[in-house]
């Protein structure tokens, strides 16, 4: 716990008793009336503090929250071992405190971010990941609070109205809610092909693509009649009329199965009026080479955002996040 000499706010790790004031500040800052059920899901209140979530606040002299930095806690796979990972969620400063000090780097939001990262580094968390607005990311990067993720890029696919996808016969593409424990078996198989990635087991997939996220998700499981374990999954979300975003995917290992599955998904998208699909993917993702084969082309981000990460002292030697981390949009709160 410290006091920011510029704002006289007390900067500290958040406690469970702070949630009402954090929620009140968020509602005032964003005019967002999240229900208690959404907050409980978003920050995994069914888990103990520090295990399900981590957060820091700048508390104003009157007891209100001047700024908040929060993350849900999950696991990442680094060189064959699992480590805690922070997935960035809400970062906000109360409107009354914006611009009240000389520069943003002296403000309550930066102070809260600094204590958040200090505490995470001291508690065996390996990394924090997310996608943030460029303006905030540039400031935090200059202050050493995050690193820009340079290992991925944005892509866009335009679906031709005359394109007639072939029907696939080797793969069944069916809706899913990731409720089945078989998704743990799929992750156990595929993690061996990854140097660094967020753990995509059943618990994470079911949590990340829960309807309480406030978005419509099109979740597809890829199955073979010859296997009791799914071959992969694809998750998309509609964003505007005729547009969708590919949020996450894990593809079959057999090229023909990939082609059959993607053909069926393209046919489904066209049947639902989708003419354009965009995505962000890291080069370390096994699915990355397929983007160009499917007809995706490099594009600019749809919003002024930048993927970032923060590695802490617990990270094993030899990890190069730009080269090794399999980043997808599921590693963020953007979609």
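In our numbering, the protein residues as written are 12 to 346.
Note that the Cβ used here is the ideal one computed from N, Cα and C, for glycine as well.
Run the proximity test for residue i: is its beta-carbon closer than 7 Å to any non-hydrogen atom belonging to the ligand FMN?
| i | result |
| --- | --- |
| residue 156 | Annotation note on the ligand FMN: not contained in the displayed structure, which lists no ligands. |
According to DSSP, simplified to helix, strand and coil, what is residue i?
| i | result |
| --- | --- |
| residue 25 | coil |
| residue 192 | coil |
| residue 318 | strand |
| residue 305 | helix |
| residue 290 | strand |
| residue 161 | coil |
| residue 264 | coil |
| residue 311 | coil |
| residue 140 | strand |
| residue 32 | helix |
| residue 356 | For residue 356 there is no data in the structure shown, the boundaries of the chain being 12 and 346. |
| residue 295 | coil |
| residue 216 | helix |
| residue 197 | helix |
| residue 208 | strand |
| residue 326 | coil |
| residue 271 | helix |
| residue 53 | helix |
| residue 45 | coil |
| residue 225 | coil |
| residue 280 | helix |
| residue 59 | coil |
Closest to residue i by CA distance: which of the options is it?
| i | options | result |
| --- | --- | --- |
| residue 92 | 206, 144, 133 and 47 | 206 |
| residue 22 | 66, 61 and 35 | 66 |
| residue 234 | 228, 244, 305 and 132 | 244 |
| residue 103 | 150, 124 and 132 | 124 |
| residue 223 | 15, 48 and 144 | 48 |
| residue 300 | 326, 266, 281 and 46 | 266 |
| residue 156 | 86, 131 and 213 | 131 |
| residue 46 | 225, 192 and 346 | 225 |
| residue 39 | 108, 316 and 152 | 108 |
| residue 241 | 197, 24, 70 and 159 | 197 |
| residue 259 | 170, 275, 236 and 229 | 229 |
| residue 305 | 320, 318 and 287 | 287 |
| residue 53 | 68, 30 and 71 | 30 |
| residue 33 | 55, 58, 62 and 70 | 70 |
| residue 167 | 276, 313, 246 and 183 | 313 |
| residue 289 | 26, 121 and 247 | 247 |
| residue 273 | 126, 182, 236 and 342 | 182 |
| residue 128 | 321, 330, 331 and 332 | 321 |
What residues are listed by DSSP as bridge partners for residue i?
| i | result |
| --- | --- |
| residue 342 | BP columns for residue 342 are empty, so no partner. |
| residue 249 | 255 |
| residue 243 | 233 |
| residue 186 | 231 |
| residue 151 | Bridge partners of residue 151: none, in fact. |
| residue 13 | 22 |
| residue 336 | 207 |
- Quick one: which unbroken beta strand (DSSP E) runs of 3-plus residues sit fully inside the segment 65-132? Chain order, please. Within the segment 65-132, the beta strand (DSSP E) runs of at least 3 residues that lie entirely inside it are, in chain order, 76-89 and 92-104.
- Message: Within 8 Å, do at least three Cβ pairs link the segment 188-196 to the segment 62-77?
- Response: At 8 Å Cβ cutoff, the stretches do not touch.
- Determine contact between the segment 296-313 and the segment 214-228, defined as no fewer than three beta-carbon pairs at a distance below 8 Å. By the Cβ rule, the segment 296-313 does not count as touching the segment 214-228, because fewer than three pairs are nearer than 8 Å.
- Any 3 or more C-beta pairs closer than 8 Å across the segment 322-335 and the segment 276-285: Touching, no.
- Message: Under 8 Å, with one C-beta from each stretch per pair, do the segment 244-256 and the segment 132-140 reach the 3-pair mark?
- Response: Contact between the segment 244-256 and the segment 132-140 is absent, with fewer than three C-beta pairs closer than 8 Å.
- Per the contact definition of three or more C-beta pairs closer than 8 Å, is the segment 329-341 in contact with the segment 287-300? Three or more Cβ pairs closer than 8 Å define a contact, and the segment 287-300 meets that threshold against the segment 329-341.
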